[in-house]
Each structure stands twice: as C-alpha cells, then as structure tokens.
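Engineer:
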Amino acid sequence: MRHFLLGSLGYDALPFYSLIATFAASIVVLGALAVLVFVTWLKGWRALWSDWLTSVDHKKIGIMYVVVSFVMLARAVVEAVVMRSQQAVAYQNPGFIPPEHFAQLFTTHGTIMIFFMAMPFLIGIYNFVLPLQIGARDVSFPVMNSISLGLTSAGAVLLMISLCIGKFSTGGWTGYPPYTELSFSPGVGVDYWIWALTLSSVGNTMTGINFAVTIYKKRAPGMTLFRMPLFAWTALCISILMIFAMPPLTVATLMLAMDRYLDMHFFTNELGGNMMNYINMFWLFGHPEVYILILPAFGVYSETIATFSNKRLYGYTSLVWATVSIAVLSFTVWLHHFFTMGQDGNVNAVFGIATMLIAIPTGVKVYDWLLTMARGRIRVSVPMLYACAFMMLFVVGGATGVMLANPGFDYQVHNTLFLVAHFHNMLIPGLLFGMLSAYHYWFPKAFGFRLHEGWGRIVFGCWVGGFILAFMPLYIVGALGMPRRSQEFFEAVYRPYLWVALCGAFLVLGALVSMVIQLWTSIKNRKALAVPVGDPWNGRTLEWSIAAPPPEYNFALIPKIDCVDAFHEAKKHRDAWRAPEHYFDIELPSNTPVGFVCCVAGGVFGFALTWHIWWAVILGAAVFFGAIILRSFNRNTTYIVPASEIRENEERWLLTLRETAFIDNDAMFTTANNGLVKEPI
Amino acid sequence: MAQTVQGKGPSHIGIRLSNAAPASHQEEARSQAEEALFGFWVFLMSDLIIFSMLFVTYATMGHSLAGGPGPHELFDLSSAAWETVALLASSFTCGLATLAMRYDRSVKKTLFWFAITLLLGLAFLSLELHDFMTMAAKGGGPSRSGWLSASWALIGTHGLHVTSGCLWMLIMFAQTARFGLDPLVQTRFMRLALFWHFLDIVWIGIFSIVYLLGVLS
Numbered sequence: 001m002r003h004f005l006l007g008s009l010g011y012d013a014l015p016f017y018s019l020i021a022t023f024a025a026s027i028v029v030l031g032a033l034a035v036l037v038f039v040t041w042l043k044g045w046r047a048l049w050s051d052w053l054t055s056v057d058h059k060k061i062g063i064m065y066v067v068v069s070f071v072m073l074a075r076a077v078v079e080a081v082v083m084r085s086q087q088a089v090a091y092q093n094p095g096f097i098p099p100e101h102f103a104q105l106f107t108t109h110g111t112i113m114i115f116f117m118a119m120p121f122l123i124g125i126y127n128f129v130l131p132l133q134i135g136a137r138d139v140s141f142p143v144m145n146s147i148s149l150g151l152t153s154a155g156a157v158l159l160m161i162s163l164c165i166g167k168f169s170t171g172g173w174t175g176y177p178p179y180t181e182l183s184f185s186p187g188v189g190v191d192y193w194i195w196a197l198t199l200s201s202v203g204n205t206m207t208g209i210n211f212a213v214t215i216y217k218k219r220a221p222g223m224t225l226f227r228m229p230l231f232a233w234t235a236l237c238i239s240i241l242m243i244f245a246m247p248p249l250t251v252a253t254l255m256l257a258m259d260r261y262l263d264m265h266f267f268t269n270e271l272g273g274n275m276m277n278y279i280n281m282f283w284l285f286g287h288p289e290v291y292i293l294i295l296p297a298f299g300v301y302s303e304t305i306a307t308f309s310n311k312r313l314y315g316y317t318s319l320v321w322a323t324v325s326i327a328v329l330s331f332t333v334w335l336h337h338f339f340t341m342g343q344d345g346n347v348n349a350v351f352g353i354a355t356m357l358i359a360i361p362t363g364v365k366v367y368d369w370l371l372t373m374a375r376g377r378i379r380v381s382v383p384m385l386y387a388c389a390f391m392m393l394f395v396v397g398g399a400t401g402v403m404l405a406n407p408g409f410d411y412q413v414h415n416t417l418f419l420v421a422h423f424h425n426m427l428i429p430g431l432l433f434g435m436l437s438a439y440h441y442w443f444p445k446a447f448g449f450r451l452h453e454g455w456g457r458i459v460f461g462c463w464v465g466g467f468i469l470a471f472m473p474l475y476i477v478g479a480l481g482m483p484r485r486s487q488e489f490f491e492a493v494y495r496p497y498l499w500v501a502l503c504g505a506f507l508v509l510g511a512l513v514s515m516v517i518q519l520w521t522s523i524k525n526r527k528a529l530a531v532p533v534g535d536p537w538n539g540r541t542l543e544w545s546i547a548a549p550p551p552e553y554n555f556a557l558i559p560k561i562d563c564v565d566a567f568h569e570a571k572k573h574r575d576a577w578r579a580p581e582h583y584f585d586i587e588l589p590s591n592t593p594v595g596f597v598c599c600v601a602g603g604v605f606g607f608a609l610t611w612h613i614w615w616a617v618i619l620g621a622a623v624f625f626g627a628i629i630l631r632s633f634n635r636n637t638t639y640i641v642p643a644s645e646i647r648e649n650e651e652r653w654l655l656t657l658r659e660t661a662f663i664d665n666d667a668m669f670t671t672a673n674n675g676l677v678k679e680p681i
Numbered sequence: 001m002a003q004t005v006q007g008k009g010p011s012h013i014g015i016r017l018s019n020a021a022p023a024s025h026q027e028e029a030r031s032q033a034e035e036a037l038f039g040f041w042v043f044l045m046s047d048l049i050i051f052s053m054l055f056v057t058y059a060t061m062g063h064s065l066a067g068g069p070g071p072h073e074l075f076d077l078s079s080a081a082w083e084t085v086a087l088l089a090s091s092f093t094c095g096l097a098t099l100a101m102r103y104d105r106s107v108k109k110t111l112f113w114f115a116i117t118l119l120l121g122l123a124f125l126s127l128e129l130h131d132f133m134t135m136a137a138k139g140g141g142p143s144r145s146g147w148l149s150a151s152w153a154l155i156g157t158h159g160l161h162v163t164s165g166c167l168w169m170l171i172m173f174a175q176t177a178r179f180g181l182d183p184l185v186q187t188r189f190m191r192l193a194l195f196w197h198f199l200d201i202v203w204i205g206i207f208s209i210v211y212l213l214g215v216l217s
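And the structure:
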C-alpha cells in the first residue's frame with residue numbers, strides 16, 4: 001500500500017491495537033499539548049523563539065540539551081518500570097505485555113537511555129560549563145552547535161512520534177542484523193530506529209569536532225593543556241572519541257538502511273551479506289561510546305570532590321594520563337561485546353586482556369579521588385554524596401566487568417541478566433549519578449539560585465537505593481541463567497529476585513518524581529536560594545569567578561591563567577573579583593534560526609524516509625542544506641556588546657559582591673549563601 | 001587575577017590572507033581563519049573514518065560474489081585510469097588556484113583555475129557515471145551480491161563527495177561574485193581545496209585497492 005502523498009502511512013499506523021500503546025501515545029500527545037498551552041499561557045512564544053530556539057549561546061544550547069535529556073529520561077524510566085512489572089508477574093504467565101510490545105519497550109528504553117538521555121545530558125553539561133572553565137566566550141562554531149542540538153532533538157522527536165504513529169523496532173538498542181533486515185523486520189520500526197540514530201550520530205560528530213577545536217584554540221591565555229580543569233580534559237578526550245567513534249555508527253546504520261531500502265546485501269543472510277561486519281562496526285562505535293558516557297562523570301567527580309574537600313585534586317597529572325589512557329584503550333576492546341560469536345580463542349584472549357587493562361587507569365582514578373578526600377575539609381553536599389556512592393558502586397561494576405572480560409566466564413553468562421546488571425552498574429553510577437551531581441553542582445551557576453538541598457538528598461537516596469534494589473538481584477538471576485529481554489519465564493527461583501528488582505524500579509520512579517518536586521520547590525523559593533555573586537560552593541575553577549547566571553559574554557575581560565585552579569589561587573591571595581581598569585566592546589555571534597530550521601527539516605527527512613514519503617524526503621533534505629547554504633551568504637552574523645553596557649553590568653555585579661557578606665563553609669547549604677564563601681584557614 | 005583583552009595562539013603557517021583592512025582586523029580574521037581551518041582538518045579526519053569503514057567492508061567482502069559477476073567482468077581499467085588522470089589533474093589545478101589566490105591575489109586567475117578544477121571534476125563524475133551504468137548493464141548492480149554492494153557504496157560515497165565538492169565550488173563562485181575574494185571567501189576556498197585534495201587521496205586508495213587489485217590479481 002503506497003500512496004504518493006502519504007507513502008505507506010495509513011490509519012493502521014495509529015496505536016489503537018493495544019490499550020497500553022494507546023495510553024502511552026495519548027500521554028505524549030497530551031504532554032505536547034500541555035507544553036503548547038503552558039507557553040501560550042505564559043505569553044512566551046516570542047521569548048521562546050528569540051531567547052532560546054534561535055539562540056547560539058553555548059549556555060542556552062547546553063540548557064536545552066539537558067531539557068531534551070530530562071524529557072527522554074522520564075519516558076525511559078517509565079518504560080523500565082513497565083518492563084520490571086511485566087517480569088515480576090511473568091512466571092508461567094504471559095503477563096500484561098505481549099512479546100512484540102515488550103521487545104519494543106526494551107529497544108526504546110536502551111536507544112533512549114544511550115542516545116537521547118545520556119548523550120544530550122553530558123553534551124548539555126559540557127556545552128554550558130566547558131567554555132566557562134577554559135575562559136572562552138563561546139564554542140568555536142556556535143551555529144554548528146545549534147545545528148547539532150537540532151539534529152539530536154530531531155532524533156528524539158522521531159522516537160516520540162514512533163510512540164503515536166507506527167511501531168518501533170523490536171531489534172534491541174544494538175539493532176543486530178539479520179534480524180533487523182527487511183526479511184525479518186518488515187515494518188517501519190527499524191527504519192525509525194535507523195533515522196533517529198543517524199540524525200543524532202551526525203549531530204554528535206559535529207559536537208565532537210566543535211568541542212575539540214574549542215579546547216585547542218579557545219583556551220584563555222596562559223591556560224596550557226596541563227592547567228585545564230580535569231572536567232575540560234575529559235571533554236577533550238570524549239570529543240576525540242566522538243570524532244573517531246561516531247562515523248562507524250553512521251556507516252553501519254546507513255548500510256543497514258541501504259540493505260532495507262535499496263535491496264543491497266551488506267548484512268543479509270543471502271547473496272554474500274555478512275552480519276559480522278555490522279557487529280564489528282557497531283561496537284567499534286559502541287565501546288568508545290561507553291567511555292564517551294563514563295569519562296564525563298569522571299570529570300564531574302574530579303571537580304566536585306576537589307571543591308567539596310576544599311583541596312587541590314590529588315594526582316592531577318596521573319588523573320590526566322589515566323583519562324587519556326582510557327580513551328586510547330577504549331578503541332582496542334570492542335570485540336569483548338561478542339566473545340561468543342565465533343572468533344578464534346586467541347583473538348578472544350587478546351581482547352580479554354586489553355579489557356582487563358582498562359581497570360588499571362580506572363583504579364588510579366579511584367585512588368586519586370580517595371586521596372583528594374583524605375584530610376580535606378569535606379562538606380557532605382549532594383554532589384559529594386553522589387561521588388561517594390559512585391566510588392563504592394562503580395568498583396563493584398568494574399569488578400564484574402573484569403569477570404566478564406574473561407571469555408570463559410563470558411560464555412557462561414552472555415545474554416543473561418548478569419550482563420544487564422553489569423552495564424547498568426557502570427552506567428547508572430558512572431554516568432547518571434555524575435550527570436545528576438553536575439546538574440546539582442552547576443545549576444546555581446546557570447540560573448542564579450541553588451537547588452533545594454533537602455529534596456536533593458531525597459532524590460539521591462531514591463536513585464541510589466532504587467539502583468541497588470533494582471540491579472543487584474539481577475546479578476544473581478543472571479548467574480542463575482535468566483536470559484535478558486525475557487517476556488515470560490518458567491523458573492520459580494527467579495521470582496523473589498525480580499520482585500525485589502521491581503521495588504527498586506518503583507524507588508527509581510520515586511526519584512524521578514522527587515526531581516520534579518525539587519525543581520518546583522527550588523523555583524518557588526528562588527529568592528531565598530539566590531546566589532547572585534556566583535560562587536556558592538567555594539569553587540576552584542574559572543566558571544565560579546563570574547556572576548550567576550553569567551552574562552551573555554561570559555567574561556568582561558578574558559582572564560590570564562598561570563596555574564591549575566587559578567580562581568582558587570586568586571581567592572587565596574585576595575586577588576579575585578578585581579574590577580577591570582578598562583572595558584572593551586565584545587563581539588558575539590547573533591541569533592539565527594538555522595539550527596531550528598535544520599531540526600525541523602531533519603525531523604521531516606527522517607519521518608518521511610521511515611514512511612517512504614519521497615516528496616517529503618526531498619523537501620526535508622533541500623530545506624536542510626538550503627538553510628545552511630543561505631546562511632553562508634549572510635555576512636551580518638555578529639553583534640557588538642558596547643563597552644559601556646558591559647561596564648554598567650559588571651559594576652552592578654561587583655557592587656552586589658561588595659555588599660554581600662562572606663559566609664562560613666558550614667553555612668553553605670543554608671539560605672545565608674548568596675554565592676560568596678569564606679576560604680577556610 | 002590578571003586579565004587580558006584577547007588571547008592569541010601561534011599562527012597557522014599556511015594562512016596568508018590578503019586584505020586591505022587595518023592590522024587589528026586582519027589579526028582577528030587570521031585567528032578566525034585558523035580556527036575554521038583546524039576544524040576542517042578535524043572534520044576530514046572524521047570523514048576519513050567513514051571511508052576506512054567502507055574500505056574494510058569492501059576488503060572483507062572480496063569473495064562475496066554470490067555467483068555474480070566479479071571485477072574482471074565489470075571493471076574497465078582504462079576508464080578508471082582516465083578518471084584517475086582527471087582527478088589528479090584537478091588536484092593540480094586546484095593547487096594552482098590556491099596559489100593564485102594567496103600569492104598572485106588575482107581574482108581572475110583564481111577563478112580560472114577553480115573553473116578548470118570544476119570541469120575536471122565534472123569529467124571525472126561523468127566517466128564514473130558511465131562506469132556505473134556499464135556495470136549495471138552487465139548485471140553488476142548493487143543488489144546482485146555483497147561484494148557489489150560494498151563496491152557501489154565505496155565508489156559511490158566518493159562520487160557523492162566529489163559531487164558535493166562541485167556544488168560547493170559553484171556556491172563559492174557565487175560568493176566571489178557577491179563579496180569578492182575577502183578573507184572569509186578565501187578561507188572557504190582554502191577549506192574547499194583541502195576537501196578536494198583529500199578526495200584525491202581517497203581516490204588513489206580506491207583506484208589501487210578496488211580497480212588495480214581487482215583486475216590484476
């Protein structure tokens with residue numbers, strides 16, 4: 001059934017085949033409507049357009065990335081709870097989710113968590129923090145930055161649309177062929193998956209290029225690479241990983257697309273196709289991706305542990321080299337994702353040993369963090385709680401990783417819930433906790449007020465408790481042999497563990513609800529929680545040396561750096577917050593709708609390809625490239641912030657600063673904190 | 001903390017922008033050009049990964065003929081040789097264009113050599129298109145076998161890159177007509193030239209691995 005206007009789209013694409021699917025789709029539609037009504041009620045359309053959607057300011061782009069990630073997090077957590085509930089009742093019982101729907105759930109859960117929760121979250125945090133930390137006014141290519149955001153958002157929107165129109169892939173987040181080939185998966189699901197991933201992987205490649213160039217070219221004078229904060233170092237490493245690791249994913253998904261759309265034979269069973277090519281390319285991307293996800297959290301912990309221990313990071317240089325070694329080693333271990341797929345035992349041994357080697361630099365890091373805390377003036381803040389939970393839990397996950405790196409052991413537990421427990425044990429403490437603590441840590445810098453501390457602790461408790469309850473039992477059922485992705489099972493012994501895991505899942509849902517309450521309470525009490533001076537945690541790096549929220553130009557004058565933790569040194573020598581003698585005009589990139597246009601055009605392109613609506617495919621591509629070409633003829637791309645305006649702005653802030661009293665370290669979590677903390681002696 | 005107005009790193013040795021603007025503006029333009037060129041090098045590295053994935057896929061599929069035609073039946077070495085000549089010559093003329101832009105500072109000469117480059121690029125593309133049509137006519141379409149899928153994807157991706165290079169050149173002609181050879185147009189021409197030489201290097205890989213090894217082994 002092909003129609004010129006609508007391709008293969010018809011009434012049967014609507015989700016009325018199942019009550020749960022209809023319900024989920026109506027939540028998406030109602031949620032979208034609620035946002036539209038809310039913006040209209042706020043009379044915020046103009047502001048949304050000119051302050052946010054068309055903005056190329058790295059700070060705003062960063063915040064928008066994090067918003068995308070939170071929306072997707074909510075959906076994927078709900079999916080996890082639904083899957084846990086199904087498994088809790090699935091002993092000799094088909095439960096309430098049919099197998100095909102269950103397969104869609106684990107596919108979207110994984111796809112969203114990796115590509116549309118984790119990636120936008122960490123890219124968003126870097127976008128906001130990185131230029132501030134290295135003393136830059138923006139990233140190197142601000143418009144490209146906004147196009148990257150557009151592409152990632154278009155992918156996320158495709159996933160949301162797939163909930164309402166048609167069905168998503170059932171091939172898992174890795175989408176292994178030949179199952180995902182046309183002969184086994186004839187529906188549109190795999191196509192949705194392909195185009196969502198392709199859009200986001202192109203966006204992420206561009207982000208990698210952007211961040212790497214920013215770090216190499218835009219550091220403040222005197223900030224040599226070895227004077228950068230560790231968070232910036234992890235940014236450099238993950239950018240390089242993204243530059244080299246994203247293209248294999250793009251190639252793999254596009255080859256799968258060629259198989260499906262043009263009847264080619266890259267990965268098919270017949271006519272010479274070879275699925276192992278896909279699996280190798282996917283994990284050539286996939287393993288570095290693991291470190292793209294984990295290194296940012298390492299960077300965050302390096303910042304928060306130093307700040308809240310009031311000590312310089314212990315073993316800075318060793319931490320840098322550990323980070324770099326992990327980044328390099330991450331390219332040498334991809335085969336451990338498919339030990340069981342028929343290679344020679346010696347090949348498996350080489351990759352097994354390479355995998356175990358990664359534990360060494362990671363161990364170095366854990367010791368460095370512990371030694372940073374040793375004899376520090378530790379303040380138990382929410383980020384510090386996350387860091388401590390991370391260090392304990394991550395070591396457990398790392399140990400099971402070393403177990404899995406042994407091919408003999410891997411044969412025993414591959415495709416069981418043991419593996420599921422292992423990678424959740426790496427990614428929840430090693431990514432999500434890091435990002436949540438980054439959210440808590442830099443929120444006051446972004447919005448000018450702190451997040452509610454008490455609710456932050458509740459969120460922390462729910463996440464950590466929920467994680468332990470949900471995943472530790474899975475190690476046991478996995479070792480007992482329960483296969484992953486099971487919609488139904490027949491071993492009574494699994495049952496109690498799955499019930500505990502369900503309790504964990506509900507606790508995680510509680511964490512999600514608490515996060516909403518925390519945000520709501522904080523916004524309501526924003527006056528009391530305000531930190532206008534901008535240094536609420538007694539920070540050490542440059543981003544804390546400016547107002548909160550930072551002015552559009554970040555730094556009135558670019559600071560000159562002569563050591564690690566330059567801002568901390570300046571505070572120690574009573575040399576911080578010095579008023580500049582002269583102010584200068586600052587040139588900044590102007591807003592442009594190119595990123596938003598590319599987002600819409602990219603989304604139309606992906607949707608139209610999924611449903612074979614060829615005219616819209618051509619239209620989407622033409623608008624996408626047309627917008628970029630037209631933009632290249634625009635010479636009026638910057639605006640000047642006049643020196644007088646900067647003077648007025650900065651002097652107002654400096655006046656607030658002088659009128660604000662220094663508070664004690666212990667008062668940091670009270671409303672006395674206005675963003676100016678006394679250096680403890 | 002000490003503060004400065006603007007940070008300046010060491011300058012990129014290959015940048016030689018011609019401009020009548022005052023020194024401070026030239027300095028600004030040069031540092032922007034440096035960032036853009038460096039970013040483009042990084043992009044090329046990333047693009048090279050795409051080609052290397054296509055090359056390894058091709059290499060692993062050398063025997064996946066599935067009973068279909070192979071390189072001996074399908075490839076015309078003399079046509080591939082002419083394509084190589086056209087593309088290598090275009091790289092040379094592209095170099096002449098860059099030299100004319102950076103040292104002679106002559107709009108006419110620059111555009112002349114870029115136009116020759118474009119023509120050679122189009123000649124390459126029409127030869128390649130002809131090759132593809134001959135292959136398809138001999139029953140060697142991309143859906144015949146895994147090996148043919150890999151060949152079409154590898155050669156075709158390179159061809160698409162050359163096509164986008166040609167379109168880029170046309171856009172740059174329009175920009176020169178509109179703005180003259182100002183610093184921004186010059187750095188864009190420089191990036192285009194990098195892209196063009198890069199495609200040449202990839203083509204040398206394709207010619208050696210796909211055509212020479214395919215027909216001569």
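So the sequences go chain by chain: R and F. For the first sequence, position 69 (counting from the first letter as 1) is numbered 69 according to UniProt numbering, and the numbering increases by one without interruption. For the second sequence, position 100 (counting from the first letter as 1) is numbered 100 according to UniProt numbering, and the numbering increases by one without interruption. Think of the CB as a built atom: it goes at the ideal place given N, C-alpha and C, for glycine as much as any other residue. Everything numeric in this text was worked out from a predicted model, so none of it was measured.
Between R/Pro361 and R/Phe390, is the Cβ-Cβ spacing less than 8 angstroms?
Structural biologist: no
Engineer: When you compare the CB positions of R/Ala322 and R/Val364, do they come within less than 8 angstroms of one another, or not?
Structural biologist: With a cutoff of 8 angstroms on beta-carbon distance, R/Ala322 and R/Val364 are scored as near each other.
Engineer: Report the residue from R/Leu654, R/Asp666, R/Pro589, R/Thr671 whose alpha carbon sits nearest the alpha carbon of R/Asn636.
Structural biologist: R/Pro589
Engineer: Are there 16 or more other CB atoms within 10 angstroms of the CB of R/Pro444, so buried, or fewer, so exposed?
Structural biologist: buried
Engineer: Let me make sure I understand the geometry here. Which of R/Asp138, R/Leu236, R/Ala103, R/Val516 has the alpha-carbon closest to that of R/Phe70?
Structural biologist: R/Val516
Engineer: Name the residues in the segment 60 to 81 of chain F whose C-beta lies less than 7 angstroms from a C-beta of chain R; which are they?
Structural biologist: Thr60, Met61, Ser64, Leu65, Ala66
Engineer: Taking a contact to mean a Cβ-Cβ separation below 8 angstroms, would you say R/Lys560 touches R/Pro288 in this structure?
Structural biologist: Not a contact, by the Cβ cut-off of 8 angstroms.
Engineer: In whole angstroms, what is the alpha-carbon distance linking F/Ser11 and F/Glu34?
Structural biologist: Residue confidence for F/Ser11 is low, a pLDDT of 43 falling below 50, so the modelled location carries little weight; the figure read from the coordinates is stated next. Whole-angstrom Cα-Cα distance: 7 angstroms.
Engineer: Can you pull the chain R neighbours of F/Gln186, defined as C-beta to C-beta under 7 angstroms?
Structural biologist: The contacting residues do not exist; F/Gln186 stays about 14 angstroms from chain R at best.
Engineer: Between the segment 480 to 498 of chain R and the segment 512 to 526 of chain R, do three or more beta carbon pairs fall short of 8 angstroms?
Structural biologist: no
Engineer: So what's R/Phe489 in DSSP terms, helix, strand or just coil?
Structural biologist: Correct three-state label for R/Phe489: strand.
Engineer: Would you say R/Asp535 faces chain F, with C-beta separation under 8 angstroms as the test?
Structural biologist: no
Engineer: Could you give the first and the last residue of the continuous beta strand (DSSP E) run that contains R/Tyr17?
Structural biologist: Where R/Tyr17 is concerned, there is no enclosing beta strand (DSSP E), given that its DSSP letter is neither H nor E.
Engineer: Can you give me the start and stop residues for the alpha helix (DSSP H) that R/Tyr216 sits inside?
Structural biologist: 189 to 217
Engineer: Starting from F/Ser46, find everything on chain R with Cβ-Cβ shorter than 8 angstroms and list it in chain order.
Structural biologist: Thr205, Gly208, Ile209, Ile243, Phe244, Met246, Pro247
Engineer: Tell me whether R/Phe449 sits in a helix, a strand or coil according to DSSP, three-state version.
Structural biologist: Strand.
Engineer: Would you mind giving the Cβ-Cβ distance between F/Ile171 and R/Ile629, rounded to the nearest angstrom? I have them listed as a contact below 8 angstroms.
Structural biologist: 6 angstroms
Engineer: Could you check which residue in F/Thr157, F/Gln186, F/Phe40, F/Leu37 has the C-alpha nearest to that of F/Phe51?
Structural biologist: F/Thr157
Engineer: Mind checking whether R/Val320 and R/Phe394 have CB atoms under 8 angstroms apart?
Structural biologist: no
Engineer: Would you be able to state if there are at least three C-beta pairs under 8 angstroms between the segment 135 to 150 of chain F and the segment 50 to 64 of chain F?
Structural biologist: yes
Engineer: Just checking: is the beta-carbon of R/Met373 within a distance shorter than 8 angstroms of some beta-carbon in chain F?
Structural biologist: For R/Met373, the answer is no, since every Cβ of chain F falls outside 8 angstroms of its Cβ.
Engineer: Using a Cβ-Cβ cut-off of 8 angstroms, state whether R/Ile629 counts as contacting chain C.
Structural biologist: Absent from the structure: chain C. Protein chains present are R and F.
Engineer: Contact check, R/Gly299 vs R/Ala235 under 8 angstroms by CB: the rounded distance?
Structural biologist: 7 angstroms
Engineer: Taking only the alpha-carbon atoms, compute the straight-line gap between F/His161 and F/Leu199 and give it to the nearest angstrom.
Structural biologist: 7 angstroms
Engineer: With a threshold of 8 angstroms on Cβ separation, who are the neighbours of F/Val185 within its own chain once the five nearest residues in sequence on each side are excluded?
Structural biologist: Met172, Gln175, Thr176, Phe179
Engineer: Just the C-alpha distance for R/Ala349 and R/Ile240, rounded to the nearest angstrom, thanks.
Structural biologist: Cα-Cα distance, rounded: 27 angstroms.
Engineer: Count the other CB atoms, across all protein chains shown, that sit within 10 Å of the CB of R/Ile358; report buried if there are 16 or more and exposed otherwise.
Structural biologist: For R/Ile358, the number of other beta carbons within 10 angstroms of its own is at least 16, and it is reported as buried.
Engineer: With a threshold of 8 angstroms between beta carbons, is R/Asn277 in contact with chain F?
Structural biologist: yes
Engineer: Which same chain residues, not among the five before or five after R/Leu163, have their C-beta less than 6 angstroms away from its C-beta?
Structural biologist: Excluding positions up to five away in sequence, the list reads Ala24, Ala25, Val28.
Engineer: For F/Ile50, return the contacting residues in chain R, with the cut-off set at a CB-CB distance below 8 angstroms.
Structural biologist: Pro247, Thr250, Val251
Engineer: Can you pull the chain R neighbours of F/Val42, defined as C-beta to C-beta under 7 angstroms?
Structural biologist: Near F/Val42 (Cβ distances below 7 angstroms), the residues of chain R are Ile209, Ala212, Val213, Ile243.
Engineer: Alpha carbon to alpha carbon, what distance is there between F/Ala136 and R/Leu48?
Structural biologist: Between the alpha carbons of R/Leu48 and F/Ala136 lies a gap of roughly 52 angstroms.
Engineer: Between R/Arg495, R/Leu469, R/Ala470, R/Cys462, which lies nearest to R/Val513 when the distance is taken from Cα to Cα?
Structural biologist: For R/Val513, the closest alpha carbon among the candidates R/Arg495, R/Leu469, R/Ala470, R/Cys462 is that of R/Cys462.
Engineer: Give the secondary structure of R/Pro229 by DSSP, where H, G and I count as helix, E and B as strand, and everything else as coil.
Structural biologist: coil
Engineer: Closest to R/Trp385 by C-alpha separation, out of R/Ser437, R/Leu370, R/Ala421, would be which residue?
Structural biologist: According to the sequence provided, residue 385 of chain R is Leu. The question's Trp does not apply to it. The candidate whose alpha carbon is nearest that of R/Leu385 is R/Ser437.
Engineer: Which residues of the segment 152 to 168 of chain F have a Cβ closer than 7 angstroms to any Cβ of chain R? Give them in chain order.
Structural biologist: Ala153
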